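Take numbering that gives the first Met the number 0: the final residue in the sequence shown is number 537, and no numbers are missing along the way.
Backbone N, C-alpha and C fix where the C-beta goes; we use that ideal spot for every residue, glycine too.
This structure is a prediction, so every number in the text was calculated from the model and none was measured.
Report on the structure given below.
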Amino acid sequence: MADRAQQITLARNGHLSRPSLFKTLTGSAALLVVLLLTLGTVAAVASHATVGRGFTPADWAAIRFTVTQALLSATLSVAIAVPTARALARRRFPGRQVMVALLGAPFILPAIVAVLGIVSVWGRSGLISEGLTAVGLSPLNIYGFSGVVLAHVFFNLPLATRLILQGWMAIPAEHFRLAAELGFTSKDVSRQLERPMLRAAVPGAFLLVFLLCLTSFAVALSLGGGPRATTIELAIYQALRFDFDLSKAALLSLLQFALCTATAGATLALAKPTAFSIGLDHPPARWDGTERSTRLVDTILLLAVALFLFAPLVSVILRGLPPLFALPPQVWPSLLNSLLIAVPAALLATALALALAALITELSRRTGAAALLEAVGFLALAASPFVIGTGLFILLNPVIDPFKLALPITIAVNATMSLPFALRILLPALQRAEDHYGRLGASLGMTGLTLFRIAIWPRIKRAAGFAAGLSAALSMGDLGVIALFAPPDFATLPLTMYRLMAAYQMQAAAGAALLLVGTSLALFWVFDRGGRLDHNIR
């Protein structure tokens, strides 16, 4: 007993035990990879830039548009996600698990495919406009600011809902049972249990959505509607692709980094961790919200959100189903290439996120650097994939032909771009597991892999599956880095779809789009389901 007590005391006083040393080494390695692929590539581009240039009026217009639409999009997404997640947390109905699983579908859709679905529902020739025309009203115009915000809410509302729903599911079931025994009303439950959880969960979800909207490219390219609706990311692409102006690209990239870093620091400072006690890991049961008016509001809200999110998906399916069985032969090798990229990228992103989350959790007990390290984990969202690709080209070109490394480079960059999502999903789950069971396991003599396997992994397994599924689907639909590095005889499924559209083979492109959507959803489901198999932990 004395030996064990001494080991725990030493660990708290700052001497690294073997488990914490392993966490420090793996977390530091993951951090180095992130910094190399973000700040390192920006520095490589900046080193080839000309000093002394400033922003033009068009650049300032792009900056204002980017910040404004990102703030509005993130606010709307989170404001709708909070009541949606609450309705899903306290309602049990047939198809609930299917709806929760499908909430990931809009976010993991390849952007160009999703935009086609949105236009088919909300565009001038879409279903909504046809209904308005039938009653004598003008059709909708979704190009410009309104279209960009609409598309961003479509993409990010499901992600924010899933993240906030995880916070609800993390409240121990015993708390709700005690609240019912004390006769708490829905307002009492909200004040005592839900609001403290939201103060911890909402800032992270808002930050993630804001950064996604701030670095948007495909949505602004498709729905921007002209120079007045240009984002910073689109301006970087134009500077590299059309002007090959490394100075402007580097300057805009540094500004994007500054905006994202400042927002991350301010938002994470507002987050307040919850102090719920340890539960018995029973599935949560709810006794509040049984009033007829509350049930009606929850039902209407869930139906409206489902219609908003799934109508474009149905449109994509209906358009792509007829040509699905007559796809060009080049589609199938490109599908295999996409799988060879998506699966390793998902595993790598999850491993990096787990290593960083473990290091953040370890540092939070000893120093104040945890918040800074968590903000660094979001750097990949601030980095432009075009700048990363250009920077890697500059770094590798003197040593080896970058085109020969198209596959590993694409895997590494996709894993890095997925890392912020995986980290946001895994970090709260790991912190709860470590706080509730880490010290208990250590007091019982469990260390290293034994502690992780018995006490930690069962409680983060579901979050790890969700993180890996999301990373795999995002990598499956990526079109950025591979377009820069792919040789002529190599293509992924999104790149093949793009080439079919460029050749005006729209029917074949629609079939390839449906195949891409189906494969992305299948990958997401396999990983997400794998995290919940034999899972009796909430």
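Out of the options, which one is the CA nearest neighbour of residue i?
i	options	result
residue 477	414, 79, 94 and 528	414
residue 80	37, 265, 256 and 99	99
residue 463	527, 410 and 90	527
residue 212	308, 75 and 495	75
residue 217	235, 246, 94 and 316	235
residue 539	42, 315, 303 and 113	The requested residue 539 does not occur in the structure, where the chain is confined to residues 0 to 537.
residue 23	73, 62, 356 and 297	356
residue 457	467, 479, 432 and 472	432
residue 104	32, 312 and 525	312
residue 262	246, 296, 214 and 244	214
residue 473	298, 504, 135 and 341	341
residue 240	88, 55 and 388	388
residue 513	324, 68, 26 and 405	324
residue 485	331, 25 and 403	403
residue 430	360, 384 and 33	360
residue 515	85, 332 and 164	332
residue 412	60, 102 and 380	380
residue 146	164, 157 and 123	123
residue 315	108, 84 and 257	108
residue 455	499, 480 and 427	427
residue 425	397, 466 and 59	466
residue 408	420, 397, 384 and 421	384
residue 521	257, 265, 468 and 507	468
residue 265	202, 238, 58 and 26	202
residue 26	258, 158 and 373	373
Buried or exposed: where does residue i fall if 16 or more other Cβ atoms within 10 Å of its Cβ makes it buried?
i	result
residue 44	buried
residue 161	buried
residue 155	buried
residue 221	buried
residue 496	buried
residue 150	buried
residue 304	buried
residue 95	exposed
residue 417	buried
residue 291	exposed
residue 200	buried
residue 523	buried
residue 535	Low per-residue confidence applies at residue 535: pLDDT is 46, beneath 50, and the placement is therefore not dependable enough to give any value.
residue 92	exposed
residue 308	buried
residue 28	exposed
residue 306	exposed
residue 298	exposed
residue 470	buried
residue 487	exposed
residue 194	exposed
residue 114	buried
residue 56	exposed
residue 40	buried
residue 67	exposed
residue 134	exposed
Using a Cβ-Cβ cut-off of 6 Å (strictly less than) and excluding sequence neighbours within five positions of residue i, which residues of its own chain qualify?
i	result
residue 395	401
residue 509	318, 319 and 322
residue 207	423
residue 382	37
residue 166	196 and 200
residue 301	86
residue 69	209, 212 and 213
residue 125	119
residue 249	44, 45 and 48
residue 276	Low confidence applies to residue 276: its pLDDT is 45, below 50, so where it sits in the model is not reliable enough to give any reading.
residue 525	none
For residue i, which residues from the same chain have a beta carbon less than 7 Å from its beta carbon, with the 5 sequence-adjacent residues on both sides left out?
i	result
residue 343	410
residue 127	120, 121 and 139
residue 8	A caution first: residue 8 carries a pLDDT of 39, below 50, which makes its placement in the model too unreliable to give a value.
residue 84	160, 163, 164 and 167
To which residues of the same chain is residue i closer than 8 Å at the C-beta, ignoring the five residues directly before and after it?
i	result
residue 64	144, 227, 228, 229 and 230
residue 492	330, 333, 334, 336, 337, 475, 511, 514, 515 and 518
residue 33	351, 355, 375, 376, 378, 379, 415 and 418
residue 137	131
residue 494	333, 478, 481, 482 and 485
Just to confirm the assignment: which complete alpha helix (DSSP H) runs, minimum length 4, are found wholly within the segment 33 to 104?
40 to 46, 56 to 89 and 95 to 101
List in chain order: all unbroken alpha helix (DSSP H) runs of 4+ residues lying wholly within the segment 288 to 336.
291 to 319
Whole alpha helix (DSSP H) runs in the segment 336 to 392 with 4 or more residues, listed along the chain?
369 to 375 and 378 to 381
Runs of alpha helix (DSSP H) wholly within the segment 504 to 529 (minimum 4 residues, chain order):
505 to 529
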